[in-house]
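S.K.:
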Amino acid sequence: MTTRLHQAAALNRRGLLKFSLGATLFLGGASLVGCSPATAAPGYRILRDDDLPMLRAVTPVVLQGTAAPLEQVLARLDEALASLSPEMLKLTRQLFDVLALPFTRGPLTGIWGPWQQASPQAIEAFLRRWRDSSLNLLRQGYCSLLQLLLMAWYSLPGSWGACGYPGPPKI
Amino acid sequence: MPVSDPFREGLARGWKARDASALDHHLDLETDIAIIGSGAGGATSAELLSAAGYRVLLIEEGPLKTSSDFHMLENEAYASLYQEGIGRLSKDGAITILQGRAVGGTTLINWTSSFRTPEPTLRHWASTHGVEGHGVDDLAPWFERMERRLGIAPWQMPPNANNDVLRRGCAALGLDWKVIPRNVRGCWNLGYCGMGCPVNAKQSMLVTSIPAALEEGAELLYLARAEYLEHDGERIEALHCVAMDPQCVAPTDRRIRVRARHYVLAGGGINSPALLLRSKAPDPHRLLGKRTFLHLVNFSAARFAEPVNPFYGAPQSIYSDHFQWRNGIDGPMGYKLEVPPLHPALAATLLGGFGEDNALRMADLPNTHVMLALLRDGFHPQSIGGSVELRSDGSPVLDYSVSPYAWDGVRRAFHSMAEIQFAAGAESVQPLHAASRPAHNLAEARAMIDGLDLQLFLTRLGSAHVMGGCAMGKDPAQSVCDSLGRHHQLENLSIHDGSLFPTSIGANPQLSVYAIAARLSQLLGERLATPSGDLVHSAFGR
């Protein structure tokens, strides 16, 4: 418990700046905390087993208010990741690692337990914290995560009806 | 009625094109002129030089996709036609950079706006950057020639509702606005220029200069990444390429060596300087990749009571230069106002947000208009642009800082756009920033814009125009190439693309690239004809 309190204290503004050394893991080398293996989960080309609990928890919160079917969004996300340049994929995987690994997830997101047990309110708080952070790194992580999920969902024809887009014309 | 696919028909007739991803062995090729990059600069050069009788090999990193492949679907287009699978960002991740990567380059996916290089820009290049022979009168015949070649004319049909907001707002306020010249013939007014034109109306390089070059016997090698130039500090001996996989993500283990009399580099901003950096090309004054400009873009959204349907119709047909030159060439940053098309995936990333807010905003897409400002960078001492660097794997990334001078331009552009949107009848206006909310009148918008914390990631920033990094000019201490595009140190290398520009253009750059590449190619062809023309075999040995 004392450990948790200590880490929670790191989340106030000054503490978070001190924590920026840890936050460089985010881009510099998640390998320092033990990078997840690059093997894809069954049924996916890119997404790994360790990425899925986070994505299954965060995606419904980001896309709340839409009728997005989770597995279709993840499949579309997987396709998009497969076309990224190796360097951009590496950065994306480091973001997923930071979110998946308990060592970084707790202090940086405030989600202390497993993603499966995180409440939507806690996930919203994490998204707002990153969006409004004074650290470029966390704001960047927020933007990347949102863009990946939004582009995956809104490129699926199932999203178009609710945003009044009739789709491409017939030619 | 089925739409024909003239490129596939040409291939069936015997155009020489090779898919490097399918190679089962290494290749050694020889040609007169090797052209690296098949976009506006490379394809224009290929057409002129092959017409002049040279054997031309046109080398493209991206895939060959033709009109039958263009299904007007965002995910397909972004994955196959854009650099890094649309993942290209500035080094700090704050600026999305849209660049094409396929046979035809960015001309395949641009929004067809075609402007002559503004006269103040050309005068500034001559007076400040030592550029010779690119005066208004020097280039006028080349602009005319390329306008005829590519069907460039002001858009004849009424603007779509998204563009009409810009026209109405400017008209109500008495600001300058004009109709955008577009490079189209028989345009169907669909609105999918950014995903590859499915009806071959856009006069991209895919339907114009590349077919013309192939008809003359030029050869096309695609899915081949130019890795480095082998040289002795004075002359290039060979170009070394790696074959890419069919998705253009990673190299295969096949290599291609190309030997040519002359090499024309036309990979565009970022990729052209990167090839020279990987090649350790002479760079005695440390200028390579520096002063790379973006026309940094910020956005303002507005809601209208009547439908805008911003996903349909010619994506760009109205512009305003009212705020472009009024502070002088090098005063506070000037900007050009245009609008972007809004298809759901791209719109969602621009409008941002998560949860119910996002869902509600996206539900309003048919009534949403977005305006953008292209900030004219590179003209003021505090606007030095970015610097191209190599990552550990040799791929390039642009380090671009947004200066206080540029942020001032961003804020003024937010004000201008909000004013025009309200003047056009907007119910609400929202500058695209993480802390903004819809403002219901101009006073409310102005107060919000003045209070916005303009920082990276909070402010939505993008770019679709990468310029500079191999600047031209007469003084080797200030430029990478001379005013003819000849590399100052490597005698058989020319650069024919937007990386030559010593500043940004101040307008969508495709016509600048076409005209300058055409002029430089004509002169290159004349120079190469004077020494005895070596007989060279077909690049593919056929």
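Here the protein sequences line up with chains A and B, keeping their order. Per this note's numbering, the first sequence starts with residue 45, numbered consecutively. Per this note's numbering, the second sequence starts with residue 708, numbered consecutively. Just so you know, even glycine gets a beta-carbon here, dropped at the ideal spot from N, CA and C. Only a predicted model underlies this, so the values are computations on that prediction, with no experimental measurement involved.
#1: Where DSSP assigns a beta bridge to Pro1138/B, which residues make up the other side?
#2: Mind reading off the beta-carbon distance from Ser127/A to Gln954/B? Whole number of angstroms is fine, and I expect it under 8 angstroms.
#3: Tell me whether Glu1233/B is buried or exposed, calling it buried when 16 or more other Cβ atoms sit within 10 Å of its Cβ.
#4: Which residues of chain B have a Cβ atom closer than 8 angstroms to the Cβ of Trp204/A, listed in chain order?
#5: So which residues on chain A does Gly794/B lean against when the C-beta distance must stay under 7 angstroms?
#6: Name the two residues that bound the continuous beta strand (DSSP E) containing Glu923/B.
#7: Under a three-way DSSP split, which group does His841/B fall into?
#8: Whose CA, out of Glu767/B, Leu1082/B, Gly893/B and Glu754/B, lies closest to the CA of Gln1031/B?
#9: Starting from the C-beta of Val77/A, find all residues in its chain whose C-beta is less than 7 angstroms away, skip the five residues before and the five after it, and write them out in chain order.
#10: When burial is assigned at 16 or more other CB atoms within 10 Å of the CB, is Asp871/B buried or exposed?
#11: When DSSP builds the beta bridges, which residues end up paired with Ile943/B?
#12: Compute the beta-carbon to beta-carbon distance between Ala1066/B and Gly205/A, rounded to the nearest angstrom, for a pair I have assumed lies under 8 angstroms.
#13: DSSP state of Ala868/B, grouped into three classes?
#14: For Asn1148/B, count neighbouring C-beta atoms within 10 Å of its own C-beta (all shown protein chains included) and say buried if the count is 16 or more, exposed if not.
#15: Whole angstroms is fine: what's the gap from Leu736/B's alpha carbon to Glu716/B's?
#16: Apart from the five residues on each side of it in sequence, which residues of its chain come closer than 6 angstroms, Cβ to Cβ, to Leu764/B?
#17: Use the C-beta contact count for Ala1236/B: other C-beta atoms within 10 angstroms, 16 or more gives buried, fewer gives exposed.
#18: Hey, would you say Arg961/B sits closer than 8 angstroms to Ala724/B, going by beta carbons?
#19: Tell me the rounded alpha-carbon separation between Leu984/B and Glu1126/B.
#20: Give me the residue from Cys1188/B, Arg1119/B, Gly1169/B and Ser1186/B with the minimum Cα distance to Met1155/B.
#21: Work out the CA separation of Pro1103/B and Gly760/B for me, nearest whole Å.
#22: May I have the straight-line CA-CA distance separating Ala750/B from Ser916/B, to the nearest angstrom?
#23: Which word fits Gln165/A, buried or exposed, when buried means at least 16 other C-beta atoms lie within 10 angstroms of its C-beta?
#24: Which bits of chain C does Thr999/B rub up against, with CB to CB less than 8 angstroms?
#25: Taking a cut of 9 angstroms between CB atoms, which residues from the region 944 to 964 of chain B lie near chain A?
#26: Buried or exposed for Glu791/B, please, with buried defined as at least 16 other CB atoms from any protein chain shown within 10 angstroms of its CB.
#27: Do you know offhand how far Gly957/B's Cα is from Leu880/B's?
#28: Closest Cβ-Cβ distance between Ala84/A and chain B: below 8 angstroms?
#29: For the region 1089 to 1114 of chain B, which residues have a CB atom closer than 8 angstroms to at least one CB atom of chain A, in sequence order?
#30: Three-state secondary structure (DSSP) at Met969/B?
#31: At which residues does the beta strand (DSSP E) containing His1076/B begin and terminate?
#32: Is the beta carbon of Arg874/B sitting closer than 8 angstroms to the one on Pro861/B?
#33: Mind checking Asp141/A: buried by the 16 CB within 10 Å criterion, or exposed?
#34: Taking just the CA atoms, how far does Ala196/A sit from Leu118/A?
#35: Smallest Cα separation from Leu1163/B: which of Tyr209/A, Tyr198/A, Tyr186/A and Gly202/A?
#36: Buried or exposed for Leu114/A, going by 16 or more other Cβ atoms inside 10 Å?
M.R.: In this structure, then:
#1: The residue you call residue 1138/B lines up with position 431 of the second sequence. Paired residues: Ser1007/B.
#2: If you number the first sequence from 1, residue 127/A lands on position 83. If you number the second sequence from 1, residue 954/B lands on position 247. About 6 angstroms separates the two Cβ atoms, so the contact holds.
#3: Position 526 of the second sequence, counted from the first residue, corresponds to residue 1233/B. Answer is exposed; the Cβ neighbour count stays below 16.
#4: On the first sequence, residue 204/A is found 160 positions in, with the first residue counted as 1. What Trp204/A touches in chain B: Pro1051.
#5: Position 87 of the second sequence holds residue 794/B. Within 7 angstroms Cβ-Cβ: Leu128, Ser129 and Met132.
#6: Taking the second sequence and counting its residues from 1, the one referred to as residue 923/B is at position 216. From DSSP, Glu923/B is part of no beta strand (DSSP E); its letter is neither H nor E.
#7: In the second sequence, the residue the question calls residue 841/B occupies position 134. Of the three classes helix, strand and coil, the one that applies to His841/B here is coil, per DSSP.
#8: Counting from one through the second sequence, the residue named residue 1031/B turns up at place 324. Among Glu767/B, Leu1082/B, Gly893/B and Glu754/B, the Cα nearest to that of Gln1031/B is on Leu1082/B.
#9: In the first sequence, the residue the question calls residue 77/A occupies position 33. Per-residue confidence for Val77/A stands at a pLDDT of 45, beneath the threshold of 50, marking its modelled position as unreliable; no derived number is given.
#10: Mapped onto the second sequence, residue 871/B falls at position 164. With 16 or more other Cβ atoms within 10 Å, it is buried.
#11: Within the second sequence, residue 943/B is the residue found at index 236, counting from 1. DSSP output for Ile943/B lists His938/B as bridge partner(s).
#12: Numbered from 1 along the second sequence, position 359 holds the residue referred to as residue 1066/B. Numbered from 1 along the first sequence, position 161 holds the residue referred to as residue 205/A. Not really, about 13 angstroms apart at Cβ, beyond 8 angstroms.
#13: As a first step, residue 868/B must be located in the second sequence, where it is residue number 161. Reduced to three states, the DSSP call for Ala868/B is helix.
#14: One-based indexing of the second sequence puts residue 1148/B at position 441. When all chains shown are included, Asn1148/B counts as exposed.
#15: Position 29 of the second sequence, counted from the start, is the residue given in the question as residue 736/B. Position 9 of the second sequence, counted from the start, is the residue given in the question as residue 716/B. Cα to Cα, Leu736/B sits roughly 26 angstroms from Glu716/B.
#16: Residue 764/B sits at position 57 when you count from the first residue of the second sequence. The answer, listed in chain order, is Thr738, Ala741, Glu926 and Ala1246.
#17: Mapped onto the second sequence, residue 1236/B falls at position 529. Classification for Ala1236/B: exposed.
#18: Reading the second sequence from its first residue, position 254 is the one you call residue 961/B. Reading the second sequence from its first residue, position 17 is the one you call residue 724/B. Taking 8 angstroms as the Cβ cut-off, Arg961/B and Ala724/B do not qualify as a contacting pair.
#19: If you number the second sequence from 1, residue 984/B lands on position 277. If you number the second sequence from 1, residue 1126/B lands on position 419. Using only the alpha carbons, I get a separation of about 45 angstroms.
#20: Stepping through the second sequence from its first residue, residue 1155/B is reached at position 448. The candidate whose alpha carbon is nearest that of Met1155/B is Arg1119/B.
#21: For the purposes of this step, residue 760/B is identified with residue 53 of the second sequence, where counting begins at 1. For the purposes of this step, residue 1103/B is identified with residue 396 of the second sequence, where counting begins at 1. Taking the straight line from one Cα to the other gives about 35 angstroms.
#22: Mapped onto the second sequence, residue 750/B falls at position 43. Mapped onto the second sequence, residue 916/B falls at position 209. Whole-angstrom Cα-Cα distance: 6 angstroms.
#23: The sequence position of residue 165/A within the first sequence is 121, counting from 1. With fewer than 16 Cβ atoms within 10 Å of its Cβ, Gln165/A is classed as exposed.
#24: No chain C appears in the structure shown, which is made up of the protein chains A and B.
#25: Gln954, Cys955, Val956 and Ala957
#26: What you label residue 791/B is simply residue 84 of the second sequence in a count that begins at 1. Counting Cβ neighbours within 10 Å, Glu791/B comes out buried, since at least 16 surround it.
#27: The sequence position of residue 957/B within the second sequence is 250, counting from 1. The sequence position of residue 880/B within the second sequence is 173, counting from 1. Going by the sequence as given, residue 957/B is Ala instead of Gly. Going by the C-alpha atoms only, they are around 52 angstroms apart.
#28: Locating residue 84/A in the first sequence gives position 40, counting from the first residue. Taking Cβ atoms only, chain B never reaches closer than 8 angstroms to Ala84/A, which makes this a no.
#29: Arg1098, Asp1100, Ser1102 and Val1104
#30: By one-based count along the second sequence, residue 969/B stands at place 262. Going by the sequence as given, residue 969/B is His instead of Met. It is a strand residue.
#31: Position 369 of the second sequence, counted from the first residue, corresponds to residue 1076/B. Run containing His1076/B: Thr1075 to Leu1082, per the beta strand (DSSP E) assignment.
#32: Residue numbering aside, residue 874/B sits at position 167 when the second sequence is read from its first letter. Residue numbering aside, residue 861/B sits at position 154 when the second sequence is read from its first letter. Not a contact, by the Cβ cut-off of 8 angstroms.
#33: By 1-based counting over the first sequence, the position of residue 141/A is 97. It is buried - the Cβ of Asp141/A has at least 16 other Cβ atoms within 10 Å.
#34: For the purposes of this step, residue 118/A is taken as the residue at position 74 of the first sequence. For the purposes of this step, residue 196/A is taken as the residue at position 152 of the first sequence. About 8 angstroms.
#35: Taking the first residue of the second sequence as position 1, residue 1163/B is located at position 456. For Leu1163/B, the nearest C-alpha among the options comes from Tyr186/A.
#36: To locate residue 114/A, count along the first sequence from 1; it is residue 70. Leu114/A is exposed by the Cβ-count criterion.
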